[in-house]
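Report on the structure given below.
2 protein chains.
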Amino acid sequence: MSTDDTTTESESKCGASKNDTSTESESKCGASGSDSVSSSSCGASGSDEEEEVGSTVDDFDADPGRLVAVGLGPGQPEGMTSRAKAALGDAEHIVGYTTYVDLVPDEITDDAEEIYSTPMCGEVSRTEEAIDRALAGNDVAIIGSGDPNVYALAGLALEIVESKGATASMLDFEVVPGVPAAQSCAARVGAPLVNDTVSISLSDHLTDMPTIESRLHAVAKEGFTIAIYNPWSRKRRENFEKCCEILTEHRDADTPVGIVHAAGRDDEEVEVTTLGELEDLGETDLIDMTTTILVGNEDTYEWDGRMVTPRGYETKYEY
Amino acid sequence: MSTDDTTTESESKCGASKNDTSTESESKCGASGSDSVSSSSCGASGSDEEEEVGSTVDDFDADPGRLVAVGLGPGQPEGMTSRAKAALGDAEHIVGYTTYVDLVPDEITDDAEEIYSTPMCGEVSRTEEAIDRALAGNDVAIIGSGDPNVYALAGLALEIVESKGATASMLDFEVVPGVPAAQSCAARVGAPLVNDTVSISLSDHLTDMPTIESRLHAVAKEGFTIAIYNPWSRKRRENFEKCCEILTEHRDADTPVGIVHAAGRDDEEVEVTTLGELEDLGETDLIDMTTTILVGNEDTYEWDGRMVTPRGYETKYEY
Chain A
2 MSTDDTTTES
12 ESKCGASKND
22 TSTESESKCG
32 ASGSDSVSSS
42 SCGASGSDEE
52 EEVGSTVDDF
62 DADPGRLVAV
72 GLGPGQPEGM
82 TSRAKAALGD
92 AEHIVGYTTY
102 VDLVPDEITD
112 DAEEIYSTPM
122 CGEVSRTEEA
132 IDRALAGNDV
142 AIIGSGDPNV
152 YALAGLALEI
162 VESKGATASM
172 LDFEVVPGVP
182 AAQSCAARVG
192 APLVNDTVSI
202 SLSDHLTDMP
212 TIESRLHAVA
222 KEGFTIAIYN
232 PWSRKRRENF
242 EKCCEILTEH
252 RDADTPVGIV
262 HAAGRDDEEV
272 EVTTLGELED
282 LGETDLIDMT
292 TTILVGNEDT
302 YEWDGRMVTP
312 RGYETKYEY
Chain B
2 MSTDDTTTES
12 ESKCGASKND
22 TSTESESKCG
32 ASGSDSVSSS
42 SCGASGSDEE
52 EEVGSTVDDF
62 DADPGRLVAV
72 GLGPGQPEGM
82 TSRAKAALGD
92 AEHIVGYTTY
102 VDLVPDEITD
112 DAEEIYSTPM
122 CGEVSRTEEA
132 IDRALAGNDV
142 AIIGSGDPNV
152 YALAGLALEI
162 VESKGATASM
172 LDFEVVPGVP
182 AAQSCAARVG
192 APLVNDTVSI
202 SLSDHLTDMP
212 TIESRLHAVA
222 KEGFTIAIYN
232 PWSRKRRENF
242 EKCCEILTEH
252 RDADTPVGIV
262 HAAGRDDEEV
272 EVTTLGELED
282 LGETDLIDMT
292 TTILVGNEDT
302 YEWDGRMVTP
312 RGYETKYEY
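Top line first, the protein sequences correspond to chains A and B.
Add 1 to a position in the first sequence, counting from 1, and you land on the number used in the working numbering.
Add 1 to a position in the second sequence, counting from 1, and you land on the number used in the working numbering.
This is the structure we're talking about:
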């Protein structure tokens, strides 16, 4: 097992936050008392040090165990696949963000040898911890909500494995897919995404804003339905405003928009509205980092409280 | 229950195909002996008649039952969510394409009062049959692989409910999401889709080819990772060739591409290749209508037999 101080440090900093923003759901890391959250995010507040990965494959003598990245799907155990449950049942160690670990059914966590959970910040160090535990000979599952390929940890895990001089094959690295937020939220408002569709994140922590804007222009012009992830944060509200502006340039104000807040959690809220109303809703509790927004295309209509994006059957069949 | 002849007709026509293409996996309907499959698809060969939806809400006296559209996820029972299994367990009637009904575990189908399955053609009449059964007072589940919002039946079901003068609320219409093919295939090749991503279908049955081409240009330029559905059919191979041409205009020939054929089925094949090799692979059995293709962006690299699309952590953290 890793004894890398970075992990503990980053973890304790997150836990030790005393500033006023620590309980905001849109704050990915409670450790910052500065305005630099959107750029430093999970880094340590007040420090310029980058989060560093420590140990390499040569630090481990054991035969490596297995590493599996498991997508839990939406926020309830019944949204998990049987394969995800089996993978977690097989794992000796389960590693993840505390909120996600809490989603795993008790009968699975009770059976695991060890649960390693940390607050949302420390994504890199938590993933490294999982990999170190696997290199040390344990069968490890690292978990996240949704799907490991959707703004999630499948890529980060592979990048860190590589940086340690290990290989994915050595750890029998496997990804167990889950239902992404776009799909679980779309289900709640009917059929908003049945045609060509795009997922785009408004967080400019890892992608710069000009790129995000250019992508929004491109897809809004082309009739894609759009699932917007990470739409809002108090620290970067202008991204959401800019997004609304761009979409309105290309689509009518009455384009249906579905908003799903905190899908599958106790504070879940679902609303079908229009593009013209969207920007003002950014000022309400409905839209924060736990919200997914589904923007219809020019054919989408609202009917009976639901969004319907036709696939074009009506041009082929009479009904 | 509906006694609409259209359903039976369309069903029997599909089953009665004797032409040579009926066993081709890329043929969505075996009933055509002409070249017009890509435009008429599931229509009846040799006839210009459109598939018509018959009965309306007024034809039913009973208190309506419930209608649920269930996504089965990838092609194995272990890829289903617990919620999907529960929804199928609660349904009195299960309606779907024969291949998908076969994916449902026996303990569920054994418990259902009725199973109504038809070959792939007749998507409209099969969906209508499901709705008629619900309007007649039965609790009905209509099923599909992947997710009901991904090129699937959630929208069609709502459109037909509306056309019958019924409402979604009247049927307690619900969508149970599943793992889409993009995610289950991405998992097989590692982490190809971790950044902003788009799903696009090359089938021009319901979307015209100029629109598809324009969408491909737009997203290839903008650094999206791309999941391509329905990439190939013997009847419309030129769509695939055109797609390869467009992608190559905007991305390097060595851009990693993941190909997953028949995910979760006995003839599953997975290959990581490059954009430069893709077009020639269209001539092989690897690429047909059961294949999903995952195209990396400019940052995607192949490593240890897997695709890795970095999210940009390496610009923030050292590891």
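Even for Gly, the Cβ is constructed at its ideal location relative to N, Cα and C.
Since the structure is predicted, the reported quantities are computational estimates derived from the model, not experimental observations.
Along the chain, where does the alpha helix (DSSP H) that runs through residue i open and close?
{"i": "Gly-72/B", "result": "Looking at the DSSP string, Gly-72/B is not in any alpha helix (DSSP H); the run it does join, the beta strand (DSSP E), is 68-72."}
{"i": "Ile-247/B", "result": "238-251"}
{"i": "Tyr-117/B", "result": "Note, Tyr-117/B: premise wrong, no alpha helix (DSSP H); beta strand (DSSP E) at 115-119."}
{"i": "Thr-128/A", "result": "124-136"}
{"i": "Tyr-152/B", "result": "No alpha helix (DSSP H) contains Tyr-152/B, which DSSP labels as neither H nor E."}
{"i": "Thr-212/A", "result": "210-222"}
{"i": "Gly-90/A", "result": "83-91"}
{"i": "Glu-108/B", "result": "107-112"}
List the endpoints of the continuous beta strand (DSSP E) containing residue i.
{"i": "Thr-292/B", "result": "292-296"}
{"i": "Ala-228/A", "result": "226-230"}
{"i": "Ile-143/A", "result": "141-145"}
{"i": "Ile-201/B", "result": "198-202"}
{"i": "Ile-95/B", "result": "94-98"}
{"i": "Glu-278/B", "result": "Element bounds for Glu-278/B: not the beta strand (DSSP E) but the alpha helix (DSSP H), 276-282."}
{"i": "Glu-299/A", "result": "From DSSP, Glu-299/A is part of no beta strand (DSSP E); its letter is neither H nor E."}
{"i": "Arg-1/B", "result": "Absent from the structure is residue 1/B, since the part of chain B shown begins at 2 and ends at 320."}
{"i": "Glu-175/A", "result": "175-177"}
{"i": "Val-258/A", "result": "257-262"}
Would you mind sorting residue i into buried or exposed? The rule is 16 or more other CB atoms within 10 Å of its CB.
{"i": "Ser-170/B", "result": "exposed"}
{"i": "Arg-237/B", "result": "buried"}
{"i": "Val-71/A", "result": "buried"}
{"i": "Ala-133/B", "result": "Inspection of the sequence shows that residue 133/B is occupied by Asp rather than by Ala. With 16 or more other Cβ atoms within 10 Å, it is buried."}
{"i": "Ala-254/B", "result": "exposed"}
{"i": "Thr-285/B", "result": "exposed"}
{"i": "Thr-57/B", "result": "exposed"}
{"i": "Thr-212/B", "result": "exposed"}
{"i": "Glu-160/A", "result": "buried"}
{"i": "Asp-59/B", "result": "exposed"}
{"i": "Tyr-314/B", "result": "buried"}
{"i": "Glu-303/B", "result": "buried"}
{"i": "Lys-29/B", "result": "Confidence is the limiting factor: at Lys-29/B the pLDDT is only 35, short of 50, which leaves the residue's position unreliable, though a coordinate-based value still follows. Buried: at least 16 other Cβ atoms inside 10 Å."}
{"i": "Gly-224/A", "result": "buried"}
{"i": "Gly-166/A", "result": "exposed"}
{"i": "Thr-24/B", "result": "Bear in mind that a pLDDT of 31 at Thr-24/B, under 50, signals an unreliable position, so the model cannot answer this."}
{"i": "Asp-289/A", "result": "buried"}
{"i": "Asp-209/B", "result": "exposed"}
{"i": "Lys-19/B", "result": "Because Lys-19/B carries a pLDDT of 31, less than 50, the predicted location of this residue cannot be relied on, and no value is offered for it."}
{"i": "Ser-48/A", "result": "Its pLDDT being 37, under 50, Ser-48/A is placed unreliably by the model, and nothing is read from it."}
{"i": "Glu-50/B", "result": "Caution applies to Glu-50/B, whose pLDDT of 40 falls short of 50 and renders its modelled position unreliable; the value that the coordinates give is listed next. Glu-50/B comes out exposed."}
{"i": "Arg-252/A", "result": "buried"}
Would a check of beta-carbon distances place residue i closer than 7 angstroms to chain C?
{"i": "Asp-205/B", "result": "Absent here is chain C; the protein component of the structure consists of chains A and B."}
Residues in the same chain with beta-carbon distance under 7 angstroms from residue i, minus the five sequence neighbours each way, listed in chain order, please.
{"i": "Pro-183/B", "result": "Per the sequence shown, residue 183/B should be read as Ala rather than Pro. Cβ neighbours of Ala-183/B beyond the five flanking positions: Leu-194, Ser-200, Ala-228 and Thr-293."}
{"i": "Ala-135/B", "result": "Pro-65, Gly-66, Arg-67, Leu-68, Val-141 and Leu-172"}
{"i": "Gly-138/B", "result": "Ala-63, Asp-64, Pro-65 and Gly-66"}
{"i": "Asp-197/B", "result": "Phe-225"}
{"i": "Asp-205/A", "result": "Ser-39, Ile-213, Arg-237 and Asn-240"}
{"i": "Leu-279/B", "result": "Cys-245 and Val-258"}
Report all residues from its chain with a CB closer than 8 angstroms to the CB of residue i; omit the five preceding and five following residues, and keep chain order.
{"i": "Ala-192/A", "result": "Arg-307, Met-308, Val-309 and Thr-310"}
{"i": "Val-177/A", "result": "Val-69, Ala-70, Val-71, Gly-72, Thr-82, Arg-84, Ala-85, Ala-88 and Pro-149"}
Can you determine whether any heavy atom of the ligand NAD sits closer than 6 angstroms to the C-beta of residue i, and answer yes or no?
{"i": "Thr-198/A", "result": "In the structure shown, the ligand NAD is absent, as is every other ligand, since no ligand is present at all."}
Please list, in chain order, all residues of the same chain as residue i whose beta carbon is under 6 angstroms from its beta carbon, the five residues on each side excluded.
{"i": "Gly-265/B", "result": "Pro-75, Gly-76 and Gln-77"}
{"i": "Thr-110/A", "result": "Ile-116"}
{"i": "Arg-189/A", "result": "Val-261 and Val-271"}
{"i": "Ala-153/A", "result": "Gly-145"}
{"i": "Ala-158/B", "result": "Ala-70 and Thr-128"}
{"i": "Ser-41/A", "result": "Model confidence at Ser-41/A stands at a pLDDT of 30, short of 50, so the residue's coordinates are unreliable; what they give is reported in the following sentence. Cβ neighbours of Ser-41/A beyond the five flanking positions: none."}
{"i": "Thr-256/A", "result": "Leu-276 and Gly-297"}
{"i": "Ala-155/B", "result": "Ala-70, Pro-149 and Val-176"}
Stretch-stretch touch, CB-based, cutoff 8 angstroms, three pairs: the stretch 228-237 of chain A with the stretch 200-214 of chain A
yes
At a CB distance below 8 angstroms, what residues from the stretch 138-151 of chain B approach chain A? Give them in sequence order.
Asp-148, Pro-149, Asn-150 and Val-151
If you pair each beta-carbon of the stretch 86-100 of chain B with each one of the stretch 127-139 of chain B, do three or more pairs fall below 8 angstroms?
yes
Given a limit of 7 angstroms on CB to CB distance, which residues of the stretch 114-127 of chain B reach chain A?
Val-125
For the stretch 215-227 of chain A and the stretch 218-227 of chain B, state whether three or more C-beta atom pairs, one from each stretch, are separated by less than 8 angstroms.
At 8 angstroms Cβ cutoff, the stretches touch.
May I ask you to list, following chain order, the residues of the stretch 236-252 of chain B that have a beta carbon less than 7 angstroms from some beta carbon of chain A?
none
By the 7 angstroms beta-carbon criterion, what residues does the stretch 172-187 of chain B contribute toward chain A?
Val-176, Val-177, Pro-178, Gly-179, Val-180, Pro-181, Gln-184, Ser-185 and Ala-187
Residues within the stretch 295-312 of chain A neighbouring chain B, beta-carbon criterion of under 8 angstroms:
Trp-304, Asp-305, Gly-306, Arg-307, Val-309, Thr-310, Pro-311 and Arg-312
Taking beta-carbon pairs under 9 angstroms, can you tell me which members of the stretch 151-169 of chain A lie near chain B?
Val-151, Tyr-152, Ala-153, Leu-154, Ala-155, Gly-156, Leu-157, Ala-158, Leu-159, Glu-160, Ile-161, Val-162, Glu-163, Ser-164, Lys-165, Thr-168 and Ala-169
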